[in-house]
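> If you count by this note's numbering, then the sequence shown holds residues 1007 to 1231, one letter each, in order.
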Amino acid sequence: MKMEIFLALIVVFGFLVASCRDAPEPQTIETEQETASLTIAAVGDSLTAGYGVAESEAYPALVETALRAEGMQVQVVNAGVSGETTSGTLARLDWVLTLAPDIVILETGANDGLRGLDPAMVRDNLRQIVDILQGKDIVVVLAGMKMVWNLGPAYTGEFNRIYPDLAAEKELIFMPFFLQGVATDPALNLDDGIHPNPAGYRIIAGNILPFVREAIAVAGSNATR
């Protein structure tokens, strides 16, 4: 059974890479002009963008709804781009900054790992992204990613260390694994086996909310200094 799951994951991850190669270029997001005391940008790849589901069913919209139900005046902007790597995120960071976010939820790197890109480059890209954001006094929530073992234990081990190491180095609010409780569960993913379905996104939103609340508290503390 373990071998069957392992082989299925390899096929699924190959599908993810192929399905994202023709991802569109990032476009300007049209958001409602509304008064919000806090702006949160959810930055990432197809897992943030909500590939295969309605935008209202992806985790950024669910987090905004939950926070507003708690009485918080927040706007969560879905700034995800399907197929994006850490290099793509770094390249469009100036565009992200035009959103004037107080907080950035950073979920990127899965596509780097699936393509077997150099973990040292992934680490460097993420470090540069975080440095730029922190230089603008933006609170960063880092969502960790983990690779399966099809690229070998040496590569997988090095890749999986990137996120906790960077979180400790930069003192980031850290969600250890973005897909915790959702990855590999057919009931929580689309037919491709890797992109969450609406039920999966509800779990992700619930998992990430405590980290976002922590970031809101930090942002509020920073604003009063």
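Glycine included, each C-beta is placed from N, C-alpha and C at the ideal position.
The structure presented is a predicted model; accordingly, all values stated were derived computationally and were not measured.
Answer yes if the segment 1081-1094 comes into contact with the segment 1136-1155, meaning at least three C-beta pairs across the two stretches below 8 Å, and no otherwise.
No: the two stretches stay apart, fewer than three of their Cβ pairs being nearer than 8 Å.
> Would you mind listing the alpha helix (DSSP H) stretches within the segment 1191-1231 that are 4+ residues and don't spill past its ends, in chain order?
Entirely contained in the segment 1191-1231, the alpha helix (DSSP H) runs reaching 4 residues are, in chain order, 1204-1229.
> At what residue ranges does the segment 1036-1085 contain a whole run of the alpha helix (DSSP H), taking only runs of 4 or more?
Entirely contained in the segment 1036-1085, the alpha helix (DSSP H) runs reaching 4 residues are, in chain order, 1052-1055, 1065-1075.
> Any idea if residue 1213 is buried or exposed, counting beta-carbon neighbours within 10 angstroms, 16 or more meaning buried?
Here residue 1213 corresponds to residue number 207 of the sequence shown, with the count starting at 1. Classification for residue 1213: buried.
> State the start and end residues of the unbroken alpha helix (DSSP H) segment that holds residue 1181.
Residue mapping note: residue 1181 aligns to position 175 of the sequence shown, counting from 1. It is not in any alpha helix (DSSP H) - residue 1181 instead sits in the beta strand (DSSP E) that spans 1179-1181.
> List the whole-angstrom C-beta distance separating residue 1133 from residue 1172, where the pair is believed to meet the contact cut-off of C-beta under 8 Å.
Walking along the sequence shown from the start, residue 1133 turns up at place 127. Walking along the sequence shown from the start, residue 1172 turns up at place 166. Contact holds; Cβ gap of about 6 Å.
> Quick check on the DSSP output: the beta strand (DSSP E) that includes residue 1113 runs from which residue to which?
Position 107 of the sequence shown, counted from the first residue, corresponds to residue 1113. 1109-1113 is the span of the beta strand (DSSP E), which, as asked, contains residue 1113.
> Between 1044, 1063, 1045, which has its C-alpha nearest residue 1202's C-alpha?
Taking the sequence shown and counting its residues from 1, the one referred to as residue 1202 is at position 196. Among 1044, 1063, 1045, the Cα nearest to that of residue 1202 is on 1063.
> Compare the beta carbon distance of residue 1110 and residue 1154 with 8 Å and say whether it is the shorter of the two.
Within the sequence shown, numbered from 1, the residue matching residue 1110 stands at position 104. Within the sequence shown, numbered from 1, the residue matching residue 1154 stands at position 148. Not a contact, by the Cβ cut-off of 8 Å.
> Give me the Cα-Cα distance between residue 1129 and residue 1179, rounded to the nearest whole angstrom.
Counting from one through the sequence shown, the residue named residue 1129 turns up at place 123. Counting from one through the sequence shown, the residue named residue 1179 turns up at place 173. Computed Cα separation, rounded: 17 Å.
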